[in-house]
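Below is one structure, written out as structure tokens; comments come after it.
Number of protein chains: 2
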Amino acid sequence: MGLMVMKFGGTSVADAERIRRAARRAIKAKTAGNDVVMVVSAMGKTTDKLISLAEEISESPPQREMDMLLTTGEQVSISLMAMAIDAAGHQAISLTGGQIGLLTDAVHMKARIQKIDADRIRQEFKQGRIVIVAGFQGVDESGEITTLGRGASDTTALALAAVLKAKVCEIYTDVDGIYTTDPRIEEKARKIDKISYDEMLELASLGAGVMHSRAIEFGKKYNVEIHVRSSFTDTKGTIITKEVEQMEDIVVSGAAVKKDLAQFILVGLPNTPGIAANLFAHVARHDVVVDDIIQTVDESGNANTSFTVEHSDLAECKLVMEEVRKEFNAKEVVCIDPVAKVSVVGVGMRSHTGVAQKMFGALAQAQVNINAITTSEIKISCIIDPSDANKALQAIHAAFELDKEPKDA
Amino acid sequence: MGLMVMKFGGTSVADAERIRRAARRAIKAKTAGNDVVMVVSAMGKTTDKLISLAEEISESPPQREMDMLLTTGEQVSISLMAMAIDAAGHQAISLTGGQIGLLTDAVHMKARIQKIDADRIRQEFKQGRIVIVAGFQGVDESGEITTLGRGASDTTALALAAVLKAKVCEIYTDVDGIYTTDPRIEEKARKIDKISYDEMLELASLGAGVMHSRAIEFGKKYNVEIHVRSSFTDTKGTIITKEVEQMEDIVVSGAAVKKDLAQFILVGLPNTPGIAANLFAHVARHDVVVDDIIQTVDESGNANTSFTVEHSDLAECKLVMEEVRKEFNAKEVVCIDPVAKVSVVGVGMRSHTGVAQKMFGALAQAQVNINAITTSEIKISCIIDPSDANKALQAIHAAFELDKEPKDA
Numbered sequence: 002m003g004l005m006v007m008k009f010g011g012t013s014v015a016d017a018e019r020i021r022r023a024a025r026r027a028i029k030a031k032t033a034g035n036d037v038v039m040v041v042s043a044m045g046k047t048t049d050k051l052i053s054l055a056e057e058i059s060e061s062p063p064q065r066e067m068d069m070l071l072t073t074g075e076q077v078s079i080s081l082m083a084m085a086i087d088a089a090g091h092q093a094i095s096l097t098g099g100q101i102g103l104l105t106d107a108v109h110m111k112a113r114i115q116k117i118d119a120d121r122i123r124q125e126f127k128q129g130r131i132v133i134v135a136g137f138q139g140v141d142e143s144g145e146i147t148t149l150g151r152g153a154s155d156t157t158a159l160a161l162a163a164v165l166k167a168k169v170c171e172i173y174t175d176v177d178g179i180y181t182t183d184p185r186i187e188e189k190a191r192k193i194d195k196i197s198y199d200e201m202l203e204l205a206s207l208g209a210g211v212m213h214s215r216a217i218e219f220g221k222k223y224n225v226e227i228h229v230r231s232s233f234t235d236t237k238g239t240i241i242t243k244e245v246e247q248m249e250d251i252v253v254s255g256a257a258v259k260k261d262l263a264q265f266i267l268v269g270l271p272n273t274p275g276i277a278a279n280l281f282a283h284v285a286r287h288d289v290v291v292d293d294i295i296q297t298v299d300e301s302g303n304a305n306t307s308f309t310v311e312h313s314d315l316a317e318c319k320l321v322m323e324e325v326r327k328e329f330n331a332k333e334v335v336c337i338d339p340v341a342k343v344s345v346v347g348v349g350m351r352s353h354t355g356v357a358q359k360m361f362g363a364l365a366q367a368q369v370n371i372n373a374i375t376t377s378e379i380k381i382s383c384i385i386d387p388s389d390a391n392k393a394l395q396a397i398h399a400a401f402e403l404d405k406e407p408k409d410a
Numbered sequence: 002m003g004l005m006v007m008k009f010g011g012t013s014v015a016d017a018e019r020i021r022r023a024a025r026r027a028i029k030a031k032t033a034g035n036d037v038v039m040v041v042s043a044m045g046k047t048t049d050k051l052i053s054l055a056e057e058i059s060e061s062p063p064q065r066e067m068d069m070l071l072t073t074g075e076q077v078s079i080s081l082m083a084m085a086i087d088a089a090g091h092q093a094i095s096l097t098g099g100q101i102g103l104l105t106d107a108v109h110m111k112a113r114i115q116k117i118d119a120d121r122i123r124q125e126f127k128q129g130r131i132v133i134v135a136g137f138q139g140v141d142e143s144g145e146i147t148t149l150g151r152g153a154s155d156t157t158a159l160a161l162a163a164v165l166k167a168k169v170c171e172i173y174t175d176v177d178g179i180y181t182t183d184p185r186i187e188e189k190a191r192k193i194d195k196i197s198y199d200e201m202l203e204l205a206s207l208g209a210g211v212m213h214s215r216a217i218e219f220g221k222k223y224n225v226e227i228h229v230r231s232s233f234t235d236t237k238g239t240i241i242t243k244e245v246e247q248m249e250d251i252v253v254s255g256a257a258v259k260k261d262l263a264q265f266i267l268v269g270l271p272n273t274p275g276i277a278a279n280l281f282a283h284v285a286r287h288d289v290v291v292d293d294i295i296q297t298v299d300e301s302g303n304a305n306t307s308f309t310v311e312h313s314d315l316a317e318c319k320l321v322m323e324e325v326r327k328e329f330n331a332k333e334v335v336c337i338d339p340v341a342k343v344s345v346v347g348v349g350m351r352s353h354t355g356v357a358q359k360m361f362g363a364l365a366q367a368q369v370n371i372n373a374i375t376t377s378e379i380k381i382s383c384i385i386d387p388s389d390a391n392k393a394l395q396a397i398h399a400a401f402e403l404d405k406e407p408k409d410a
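So this is what it looks like as structure tokens:
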């Protein structure tokens, strides 16, 4: 007898028929002899609708009240799911974040999980019930309702899978797995059968949606396999799992493009020890998230520092950079807006050479100019002009033959 | 410095503009130096929409899950109300039933309040905040979410007013007060300035909507004045208050009609001691609510017992009556369906004679046949044919000159 955690996203519970379909999946797993936990998101576009309601009332609603508002979406879904299972003649109980003792810190709208009281869930298992948990939400120590950030029902599911020691966490969604790249841009994109946590983390941070980074981190930390699959078919999806040696045979697993970026270049910074640390501490204090940091030193010994930010942080970052320029006595702040970033990811890069050259070659052949390059152990990113983004992605996808089934998979 | 409890019904918070209007009222009371508690219902038709959702999923959803579902409606309203007050530059906090420690018994969908933790609310007052409480909901001892029954946000408001020792509880609604009768049937219906708790309780049980009986009982028990008024104007509404002597000068305060009834007559019951108690204990076990009980004894010494039920209980009651007929050896069960009930209410009946005669005379003149008559100390009801209901009400309203301002009011 096993234990299954199944997470259903908004599109998978968007109406009564889909809720019944998800209920049938859970019942099937239950009657096969498993204890079953379902983690459910808000129905369809509910969260967006609630946000619009708030926007009608206030330009900057208090975050505590946003959490009070948004958590209702999942509460509706879990109760309806419990009704669907009951109507099909099986036992179920819906539980809010507070009721499963999902304790978080007190940071509204992006709280972090601190503890889960798995006993309550185990008691319900003993009663023979399918347990339906509201994703995305928790409570802090003083009983205030918190949320874990947009898309964080995945995180709830993986945290539950970890604490209940589930072997697999199934993520049901409206696509049938993780693709080598965005199929809306490259129609030859291919579904990946198996990918490592690290690769998936890189792809998620590069804008390949599907899963929440923190959820993948939970999976990696507690070694829970994640099965991303379609709620509309029984086809096997993509397994996100720990890295095994044979994965290294695949040099590049996926490619991604992110378009909503701006690049800042801080020109002529005095290159003294600790200056970068000071600079980015300043930026972090303003809650601006930066990526793709590059620092070079010019002939006169001054540093030039470049990084990217998402558009949502652009206005704030401009203000911060002006402060920084004065404080650190830099010559100039250049902002290139917009820019795009095209990337390839693969654990095989660790043991294979020539990946960077192949990527730059593909971009050159496609007449794409590269503004900047950043790399990690398993990733290469190029900052380019957004008008080149799609053809760049297609060129890279073709160069690494991502449309072809890997030989050893 | 006083303390105000203001309750806003669904129509008073149906959209962003109305929420802002309600927020302004609370802010006005707050800046005038009062501590303010708002009790808020679900927006507009939200509860009906949630019930429809549930009906799409299940014919008989578990009541626990209905409570989980329906309580989201009020949670949405309170968060939006807090945002509206914040946007207007004042301090507010929204609190769920669980967060104010509104403890109930464990009877889902019609739970009764057992305790309220007023300390939490007083702490928020000390922070200078307007406290916004979700109506209609509570939690039981084990943290399960419960509701107090349809329309029970009034009850939440009065219970809070009682526990916080408020002098007045304002009930904001879409009408400007309590009327002598239903203005949709009798256009000469007049707004009542002041009415006693007992009269209001009778009118509420007779189908004169506006307020929840249990809320009025709270008001009566803890001597909290209830001010029923329009959320769209500043006009004074109707004060529901304790009986004062001068009220007795008004013989009849209001008239009401209830149409969705059926009458059962159990013919030829052996008239032994305790038989009525046994009979109605049997009915109560099936959760059928009966009213207008009349018992007579015929020439052969057998009892004939008659009562009314609402249509929603009709099918269940038919089954129960057939059981009862066999068990108690009665001759026959007669069901008259539909019937209507027309009533007059007034504390003045206690000290005035001729009220019944005037009512029966008015009905006779209007050619309305009376099936049955029941009375209480402050009420007279006649069971009639539903096709006569409106003209019966109009005749009574005219006979007691309810359209005219009472002399001593």
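First to last, the protein sequences are chains A and B.
Residue numbering for the first sequence is 2 to 410, as defined by my numbering.
Residue numbering for the second sequence is 2 to 410, as defined by my numbering.
Note that beta-carbon positions come from the ideal geometry of N, C-alpha and C, so glycine has one too.
- If you look at residue 131 (chain B), you'll find it isn't in any alpha helix (DSSP H); it sits in the beta strand (DSSP E) that goes 131 to 135.
- Secondary structure at residue 115 (chain B): strand, using DSSP grouped into helix, strand and coil.
- For residue 70 (chain A), a Cβ of chain B is located within less than 8 Å of the residue's own Cβ.
- About 7 Å separates the CB atoms of residue 84 (chain A) and residue 63 (chain B); that is less than 8 Å, so the two are in contact.
- DSSP links residue 381 (chain A) through a beta bridge to A:345 and A:376.
- Taking all protein chains in view, the Cβ of residue 342 (chain A) is crowded by 16 or more other Cβ atoms within 10 Å, so the residue is classified as buried.
- By the CB criterion at 8 Å, residue 167 (chain B) and residue 6 (chain B) fall inside the cutoff.
- Assignment of residue 141 (chain B) by DSSP, reduced to helix, strand and coil, places it in the coil class.
- Under a 10 Å Cβ-count criterion, residue 294 (chain A) is classified as exposed, with fewer than 16 other Cβ atoms of the shown protein chains found around its own Cβ.
- Counting only Cβ-Cβ distances below 8 Å, residue 13 (chain A) has no contacts in chain B at all, with the closest Cβ about 15 Å away.
- Here the region 14 to 31 of chain B makes no contact with the region 186 to 206 of chain B; the two share fewer than three CB pairs at distances below 8 Å.
- For the region 46 to 60 of chain A, the set of positions with a beta-carbon nearer than 8 Å to some beta-carbon of chain B reads 51, 54, 55, 57, 58, 59 and 60 in chain order.
- Across the set A:95, A:101 and A:66, the C-alpha of A:66 shows the shortest separation from the C-alpha of residue 109 (chain A).
- Cα atoms of residue 182 (chain A) and residue 219 (chain A): separation of roughly 24 Å, rounded to the nearest angstrom.
- CA-to-CA, the gap between residue 122 (chain B) and residue 320 (chain B) works out to about 48 Å.
- Going by DSSP, residue 73 (chain A) is part of no beta strand (DSSP E) but of the alpha helix (DSSP H) stretching over 64 to 88.
- Positions of the alpha helix (DSSP H) runs, each at least 4 residues long and wholly inside the region 218 to 303 of chain B, are given as 276 to 286 in order along the chain.
- Ranking B:124, B:188, B:126 and B:100 by CA distance to the CA of residue 138 (chain B) puts B:100 first.
- Taken through DSSP and simplified to helix, strand or coil, residue 306 (chain A) comes out as strand.
- Inter-residue distance for residue 298 (chain A) and residue 344 (chain A) is about 25 Å (C-alpha atoms, whole angstroms).
- Identification of chain B residues near residue 73 (chain A) by a Cβ-Cβ cut-off of 7 Å yields 73, 76 and 77, ordered along the chain.
- Contact between the region 222 to 236 of chain A and the region 388 to 407 of chain A is absent, with fewer than three C-beta pairs closer than 8 Å.
- Against residue 144 (chain B), the close residues of chain A are 99 and 100, in the order they occur along the chain (beta-carbon pairs closer than 9 Å).
- The beta-carbon distance between residue 252 (chain A) and residue 350 (chain A), rounded to whole angstroms, is 6 Å. This is short enough to meet the 8 Å contact definition.
- With the criterion set as a beta carbon lying under 9 Å from some beta carbon of chain B, the region 175 to 186 of chain A has no members that meet it.
- Residue contact check for residue 377 (chain A) against chain B: no CB pair falls below 8 Å.
- Assignment of residue 61 (chain A) by DSSP, reduced to helix, strand and coil, places it in the coil class.
- Proximity of chain B to residue 20 (chain A) at the Cβ level (cut-off 8 Å) is accounted for by 58, in chain order.
- Here residue 110 (chain B) carries a coil assignment [DSSP, helix/strand/coil].
- For residue 248 (chain B), no chain A residue has a C-beta closer than 7 Å to its own C-beta; the minimum C-beta separation is roughly 43 Å.
- By the CB criterion at 8 Å, residue 369 (chain B) and residue 338 (chain B) fall outside the cutoff.
- In chain order, 59, 62, 63 and 66 make up the part of chain A whose C-beta sits under 8 Å from the C-beta of residue 87 (chain B).
- The C-beta of residue 207 (chain A) comes no closer than 8 Å to any C-beta of chain B.
- Apart from the 5 residues on each side of it in sequence, residue 333 (chain B) sits with its Cβ closer than 7 Å to the Cβ of 268 and 269 in its chain, given in chain order.
- Approximately 7 Å separates the beta-carbon atoms of residue 13 (chain B) and residue 174 (chain B); this is inside 8 Å, confirming the contact.
- For the region 254 to 276 of chain B, the set of residues with a beta-carbon nearer than 7 Å to any beta-carbon of chain A is empty.
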